[in-house]
Every structure is written in C-alpha cells, then in structure tokens.
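This report concerns only the one structure given below.
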Amino acid sequence: MDNSNIESLKEALKYSPENIPLRFLLADNLLTLNRFDEAEHEYRIILQASNDTRATLGLARIYYAKGSYSACNVILEELIESGRHDVDTLVLYTRALIKENAMGKAIEVYQKVLQLNPGYANEELDSQLRSRVGYTEQDGDGDDEVDSRFLEKPSVTFSDVGGMEHVKKEIDLKIIKPLQHADLYKAYGKKAGGGILLYGPPGCGKTFIAKATAGQVNSKFLSVGLNDILDMWIGSSEKNLHEIFELARHNNPCVLFIDEIDALGASRSDMKQSSGRHLINQFLQELDGIEGNNEGVLVLGATNTPWNLDPAFRRPGRFDRIIFIPPPDQETREAILRLKLQSKPAEDIDYRQVAKKTEHYSGADIDAIIDIAIEAKLEAAFVDGIPKPLSTKDLLEAVKKHKPSTQEWFATAKNFALFANDTGLYDDILTYLKIKK
Ligand SMILES: Nc1ncnc2c1ncn2[C@@H]1O[C@H](COP(=O)(O)OP(=O)(O)OP(=O)(O)O)[C@@H](O)[C@H]1O
Ligand SMILES: [Mg+2]
1 MDNSNIESLK EALKYSPENI PLRFLLADNL LTLNRFDEAE HEYRIILQAS NDTRATLGLA
61 RIYYAKGSYS ACNVILEELI ESGRHDVDTL VLYTRALIKE NAMGKAIEVY QKVLQLNPGY
121 ANEELDSQLR SRVGYTEQDG DGDDEVDSRF LEKPSVTFSD VGGMEHVKKE IDLKIIKPLQ
181 HADLYKAYGK KAGGGILLYG PPGCGKTFIA KATAGQVNSK FLSVGLNDIL DMWIGSSEKN
241 LHEIFELARH NNPCVLFIDE IDALGASRSD MKQSSGRHLI NQFLQELDGI EGNNEGVLVL
301 GATNTPWNLD PAFRRPGRFD RIIFIPPPDQ ETREAILRLK LQSKPAEDID YRQVAKKTEH
361 YSGADIDAII DIAIEAKLEA AFVDGIPKPL STKDLLEAVK KHKPSTQEWF ATAKNFALFA
421 NDTGLYDDIL TYLKIKK
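All the letters of the sequence shown, read from the start, carry residue numbers 1 to 437 under UniProt numbering.
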C-alpha cells in the first residue's frame, strides 16, 4: 500500500465512518508507512467506538516504532493483564523488553510465547535471547559465557582414575587412537567416529572417566546433561542439541560428554512440543556427522538406565560400544581414597583396610564417607580448639554411618539383565553379580 491508496481509504471512510474493519486497514497501513500521528488518531477513534484491544496493540506498536519503549510496555502490560496472550502481543512485549534491556523478563515472556505456540520460531529473538538464558541481566556477551559454562580444560588424566583398566583400554582404542592417528585409519579405510556409552549405578565414575579422557588427550571437555538441553534453553530442543554439537566441532579436539542420555526416551513436556522422535532423529544425525564434520569430536554418553534407550542408538557408528561401569573394586576404592585424601590433613591411613570395608560403595559414597569423617573431626575440634588429622578409625566409623548407594540400582538392573537381555547387552551386570546365564 502506498500513500495514494491511503487517500482512497480515507475517502471511503468518509462515507462509512462506522466501518471498523476499514478503519483498522487504514490505521495499520498508516503505521507501516511510518505516519505515526495519523495512525494513532485512527486507532483512538476505533477505541472510542469499540474498545477493541487490537487497536490498543496498534498504539503499542506506534510507541515501539517511535522508540518510546517504556510507554509501549505500559500499554502491553495492561493488555496482557486484561487477558490478551496472543503471539503478536507477547512478541512485541518481548521486543520492547529487549530494547529496555530487561533480558530476564524478556526471556520469561518469550518462553511463554513458545509454550503457547510450540511451532513458533523467530530467528532474531532466538539468537538474542538464547545465549542469555541462565544468566543475569548484567552479564555481558552471552556467547562466551555459554561456552565457558559448558567447556573446560580438565587437569585429570587416566592416571587419576583408579582401576577401570578395561574401560580405559576401550576408550583408548575406540576414540583416542582414531583421533591421534586419523591418517592411519583413513589409509585402511576404517571410518573413525561413533561414540561410547557408559552405563551403571550412580556415582561410580562415568563422568569422571569422561573428564579424564579429555585430560588424557589434552583436549577440551564439553559436558552437558540432556535435561539441560530439554529444559533450559529457549527455542527448540533440536536446535539446542545442534548447537551443542557445533560448539564441540568448533572447539576440536574436544570430548563431548552427554549425560542423562535416557532423557530422550522419557516422556517430558518438551517431548510433546517437538515430539520425542524428532529429537532422537536429530541426535542420531548429529552423531552420524550428517549435520557437520565430527572430526576431532569424541562423543561419550552416560546413562543410569540403558534399558530406556532407543535401540537406534546402538547401531554401528553411533554408540556402538556400551560399557558397564561397575562400583569400584577394592583396588579402585583404595585409589579413590588416596586421591581424595591427598589434600586433606590425615595421618598414615590404612587405605587397604578402609577399601576392604567398603564393598559395594561407589566413588560418590566414598566422598560421603570422607565428608562424614571430617565433620566428626570438626565437631571435636570445636570442643578443644585443636584441629586433628583424619585417622583410619575416623574413616571406619564413618563407613558404619553411610550405607552404599549402589544396591538399589542393581535390584532393578538385575531384572533387565535376567529377563531382557537377548543380545547379551547386560552380561556384564550378571558377571558382576556372579549370576550364571
Ligand atoms: N575410578 C575412580 N578413580 C578415582 N575417582 C573416582 C573413580 N570412580 C569414581 N570416582 C570419584 O567418585 C565420584 C563420583 O563419580 P562420578 O561423578 O564420575 O559418577 P557417575 O557415574 O558420573 O555418577 P552419576 O550416575 O550419578 O552421574 C567422583 O567425585 C570421582 O572423583
Ligand atoms: Mg555423572
């Protein structure tokens, strides 16, 4: 519409001044032509005649276009309070909030838009708000902070991981060697890629060994829980997932550790939004490297409930190695104890004895035991004011106060290993439990 058409519209309105749709047409077009005062005049006439909230929205648009963002927001807040929750209103409100630098509120409103209209996509708002989620308004450039939030350069290596020799070997063969000798692999036409999935009871070192893998190859470590991808970020989960992979690709060499892989199978509110299938497909495409070059990206996944996992994940080139991470054996427990007590004031500890008394205890349980022992020591120190080092006895006392947390997991896992183990996937669990097939 150009200015000459405006004249015809005005002419027509002279003959039927009561025609509200016609006046809306005029007002909306005046607005797009930046003839703000005239547009405002028309919207106000509509409001006098009909109280139509679309005219109020029109006024807010005028203020926005003129750069009067706070006036725009006052109008919009009233509108929303009166019950208007449509996309147009909320998106304009989001935009005006961004202009006023009220990012926290803008994110909140935009999330509502996405909730009410799952299919809604807006590149501009996505990119402006996405990187800021989880941060306060004062934060500067969001992108770097997202990067640094998920990315780290670990100082632990395999030598810090007690025991777990076969896990280290698998990781070495399957993902470290291909990284270090990419040309050799190419020469034999062997495709590098694919990932390793770690599973087992909580607290037994899945995250720790993944981190140590990154330290081992001196690469960056990008760790993210799938639930983070589902919950935290604005925009669709598929897109978030893609961006995590992209972040890893841009920072290669990189160990990409994805925790809570089982969340893909669970029913979550987000699953309704983007339908779980889509997200799973997206994940597989990222793994397959269809969406980008995965060279230099080592993918490790972890789950406590592998039986919830979609079988498509296990195909060659994807998570084609599935490794059971059992509770630490005696030797490993001893190593963990040494590692954890290194920096604590302690006497000559009989590590072997403490390790012996902690069968079925996970690494996290050992953390807890040390914590309990230290608390007891602190209490005693408050009495006489003298801090004393930890002793073997303190640790053994603490063991009595803390039950191992892995048993519950095995109660469930055992059933899957016995009754849903056609492919032998869970044989390791049976071996650990000393059950014969
Ligand atoms: N083999 C090990 N050597 C040294 N430390 C270990 C070992 N295994 C576990 N730990 C320690 O135990 C703690 C718990 O391990 P971690 O967080 O890796 O468990 P997880 O398997 O990822 O558990 P969850 O399933 O709850 O995520 C860590 O603090 C880690 O330092
Ligand atoms: Mg973990």
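Glycine included, every Cβ here is placed at the ideal spot set by N, Cα and C.
- DSSP links leucine 197 through a beta bridge to Gly301, Ile322.
- Inclusion of lysine 206 in the 7 Å shell around ligand 2 follows from its C-beta lying nearer than that to a non-hydrogen atom of the ligand.
- The beta carbons of serine 405 and aspartate 371 sit no closer together than 8 Å.
- Using a cutoff of 7 Å, the CB of alanine 302 counts as near ligand 2, since one of the ligand's heavy atoms is closer than that.
- By the C-beta criterion, the region 213-228 is judged not to be in contact with the region 311-319, since fewer than 3 inter-stretch pairs fall below 8 Å.
- The three-state reading of DSSP puts valine 167 in helix, counting H, G and I together.
- Under DSSP, lysine 220 forms a beta bridge with Cys254.
- Glutamate 286 carries a helical assignment under DSSP once its states are collapsed to helix, strand and coil.
- When secondary structure is reduced to three states using DSSP, aspartate 2 falls in the coil class, being assigned neither helix nor strand.
- A Cβ-Cβ separation of about 6 Å places leucine 26 in contact with leucine 13 under the 8 Å criterion.
- Distance from the C-beta of aspartate 262 to the nearest heavy atom of ligand 2 is not below 7 Å.
- Nearest to serine 155 by C-alpha distance, out of Lys403, Leu247, Ala214, Leu264, is Ala214.
- Within the same chain, and ignoring the five residues on either side of glutamate 286 in sequence, the residues whose Cβ sits closer than 7 Å to its Cβ are Leu241, His242, Phe245.
- Here alanine 346 is bridged, per DSSP, to Leu390.
- In the three-state DSSP reduction, glycine 205 falls in the coil class, being neither helix nor strand.
- Relative to ligand 1, aspartate 259 has its C-beta within less than 7 Å of a heavy atom.
- Tryptophan 307: not part of any alpha helix (DSSP H); DSSP gives it neither H nor E.
- Taking the C-beta atoms as reference points, isoleucine 45 is found nearer than 8 Å to arginine 23.
- Residue environment for arginine 315: exposed (fewer than 16 other C-beta atoms within 10 angstroms of its C-beta).
- Nearest C-alpha to aspartate 259 among Thr207, Pro253, Ile280: Thr207.
- Taken in chain order, the complete alpha helix (DSSP H) segments of 4 residues or longer contained in the region 24-59 are 36-50.
- One Cα belongs to alanine 335, the other to cysteine 254, and the distance between them is close to 27 Å.
- The beta carbon of glutamate 18 sits closer than 8 Å to the beta carbons of Ala49 from its chain, once the five residues preceding and following it are set aside; these are given in chain order.
- With a cut-off of 7 Å, the C-beta of valine 161 is classified as near ligand 1, since at least one heavy atom of the ligand falls inside that distance.
- Contact between the region 349-360 and the region 389-405 is established, with three or more Cβ pairs separated by less than 8 Å.
- Non-local C-beta neighbours of alanine 368 in its own chain, meaning closer than 6 Å and more than five positions away in sequence, comprise His402, ordered along the chain.
- Closest by C-alpha distance to arginine 95, out of Asp86, Leu226, Ile107, Glu291, is Ile107.
- At least one heavy atom of ligand 1 is found less than 7 Å from the C-beta of proline 328.
- Within the DSSP bridge table, the entry for glycine 225 names Asp259 as partners.
- For glycine 363, the enclosing alpha helix (DSSP H) begins and ends at 363-384.
- In the structure shown, the three-state DSSP call for leucine 151 is strand.
- In the DSSP assignment, glycine 104 falls within the alpha helix (DSSP H) that extends over 103-116.
- Rounded to the nearest whole angstrom, the CA to CA distance from leucine 378 to serine 391 is 13 Å.
- Nearest to histidine 250 by alpha-carbon distance, out of Ser127, Leu151, Gln115, is Leu151.
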